[in-house]
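In my numbering, the protein residues as written are 102 to 256.
Below: the structure, in structure tokens.
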């Protein structure tokens, strides 16, 4: 790696230039004027960080991002769930019948009725619900990567 350190390119870069370094930290100490971007020697701490271009959305020197992301309901697209009811429960006249309600709503017992004198049997579903799934664990959203050191010229 030190053969690259003597390259005219590295000596002509201005102080404050940051490059990616595939050499070792031992090699870095041999070349002089270059230090690891670890928050020391007036360098930004770029250990375990990606670099994003500064501009209207990102100002120089500002840190951001989180290592793991946990989705919430706000992150999910609008969707519906189908329910398959396989048992037949019937009620007799004089008891209760589910009243008309909006899709996705829930009927309370007071919302159920059936007029007296009706001699038909009606299917009854009382308190139907869908179980929750998933565990809500945070996850890493990083693309495939190859680690290199960021180094900065100090003179």
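Note that the Cβ used here is the ideal one computed from N, Cα and C, for glycine as well.
Just so it is clear, the structure is predicted and the values come from calculations on it, not from any experiment.
{"Query": "Can you tell me where the beta strand (DSSP E) with residue 137 in it begins and where it stops?", "Result": "135-137"}
{"Query": "Counting pairs of Cβ atoms below 8 Å between the region 125-137 and the region 238-256, do you hit three or more?", "Result": "yes"}
{"Query": "Would you tell me roughly how many angstroms separate the C-alpha atoms of residue 153 and residue 159, rounded to the nearest one?", "Result": "8 Å"}
{"Query": "Who pairs with residue 170 in a beta bridge, going by DSSP?", "Result": "240"}
{"Query": "Please state the DSSP three-state secondary structure of residue 73.", "Result": "What is shown of the chain runs 102 to 256, which leaves residue 73 out entirely."}
{"Query": "Check each candidate in 145, 130 and 245 and name the one with the smallest Cα separation from residue 118.", "Result": "145"}
{"Query": "Check whether the Cβ atoms of residue 132 and residue 139 lie closer than 8 Å to each other.", "Result": "no"}
{"Query": "Suppose you measure from the CA of residue 161 to the CA of residue 113; what does that come to, to the nearest Å?", "Result": "23 Å"}
{"Query": "Kindly indicate which three-state DSSP category residue 199 falls into: helix, strand or coil?", "Result": "A caution first: residue 199 carries a pLDDT of 43, below 50, which makes its placement in the model unreliable, though a value can still be read off. Looking at residue 199 - three-state DSSP - the assignment turns out to be strand."}
{"Query": "Quick check on residue 130: buried or exposed, where buried means 16 or more other Cβ atoms within 10 Å of its Cβ?", "Result": "exposed"}
{"Query": "One question on the structure: do residue 143 and residue 239 come within less than 8 Å of each other, judged by their Cβ atoms?", "Result": "no"}
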